[in-house]
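My numbering numbers the first residue of the sequence shown as 787 and each following residue consecutively.
Even glycine gets a Cβ: it sits at the ideal position worked out from N, Cα and C.
The next block holds one structure in the form of structure tokens; read it before the comments.
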Amino acid sequence: MSMSYIVTNDHVRLAYSDVGDGPTMIFLPGYSDIKETWYFQSKYFSENGYRIICLDWRSHGCSAHTAKNMKIMRLAADLHELITTLKLENVILIGHSMGASVIWAYVTIFGQTNVSKIITVDESPKLINDVGWQAGIKNLNWDNFIELAPLILQQPLTEQQMPATLKNIRNRFKTDHPFDADLGYGLLLDHMKQDWRTTVINITVPQLFVVGDKSPLWAGDYSNYCEKKNNINIFKTLIKNTGHFPQIEDAERFNSEIDLFRNAKPQIAQKQSL
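This is the structure:
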């Protein structure tokens, strides 16, 4: 992936890759992850008529590592600056894990004017469980989330092994640009505390929930809740035999599901008429 940069209005340099021509898809990684996690998607969709942009969050990957403004809402502003700086319109936003949270924050702040579709990957709109919500992260509640948050990423998150090609790429970038958990800790806690359910149910563009059917994270079926609350615009698909990283564990199936969704105008029209 070739590297480009923007500098945000709070003076943080963000790295992104930009390949292909055509309608734009922006791929957003999760907490502590890097843009190279989308290697198979970048290659496939850029070769099939799309412009593919993959972003490294501040303090992630090749972007500047800083403690400045490590909040979900600031990451949403960073995404907005990327879109406006590059003068993008009608983008498809794809976010994995925390990347989904940033998309929902972006929609909350900036609306959906420049967004044609949304795809979120293995992420609940509310991570902390309580009396009225049991579809967050397993065993996570308001009493223990500060203690448990750093431990969540230490558990095995995948069902299948990562392909060697991508493993080598990720290892190289993560060695050259290691993630600083101390810098990221405030962002992790801020991410954990968010509740995007109201945003999700009021989204008016088509949104696809991609779920790893063997993801170890979730206490309940958040995607079913979201689909019931916004039946017109929300769709969901299960990627069998995958964990928290279906885009890596079964890239071929994942890409196929994205293809179906981005081309599914008749299906969406039919659902809207129900």
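In this structure the region 956-970 does not lie against the region 880-897, because fewer than three pairs of beta carbons, one per stretch, are closer than 8 Å. Inter-segment contact for the region 1018-1026 and the region 994-1006 is present: three or more beta-carbon pairs are separated by less than 8 Å. In the DSSP assignment, A967 falls within the alpha helix (DSSP H) that extends over A967 to M978. Rounded to whole angstroms, the separation of the alpha carbons of T871 and D981 is 29 Å. Relative to the Cα of A1037, the nearest Cα in the group E867, Q946 and G1006 belongs to Q946. In the three-state DSSP reduction, H866 falls in the helix class (H, G or I). The region 848-866 makes no contact with the region 919-928, as fewer than three CB pairs between them are under 8 Å.
The secondary-structure analysis by DSSP pairs R837 across a beta bridge with T810. A residue is called buried when at least 16 other Cβ atoms come within 10 angstroms of its Cβ; G816 meets this threshold and is buried. The Cβ neighbour count for D908, taken over all protein chains shown within 10 Å, is at least 16; the residue is labelled buried. Secondary structure note for S832: its alpha helix (DSSP H) is the uninterrupted segment Y825 to S832. Counting only the Cα atoms, S845 lies some 10 Å from L973. Assignment of Y817 by DSSP, reduced to helix, strand and coil, places it in the coil class.
In the displayed model, Q993 falls within a strand according to three-state DSSP. Closest in C-alpha terms to P949, from the list I1034, I1044 and S803, comes I1034. A straight line joining the alpha-carbon of A801 with that of L868 spans about 10 Å.
Measuring C-alpha to C-alpha distances from A935 to each of L913, P1032, F965 and N1016 identifies L913 as the nearest. The region 923-930 makes no contact with the region 895-908, as fewer than three CB pairs between them are under 8 Å. Residue pairing from DSSP places F1021 in a beta bridge opposite L994. Within the region 868-921, the complete alpha helix (DSSP H) runs of at least 4 residues fall at 884-896. Taking all protein chains shown into account, P911 has 16 or more neighbouring C-beta atoms within 10 Å of its C-beta and is therefore buried.
Note: Y791 is bridge-paired with A801 in the DSSP secondary-structure output.
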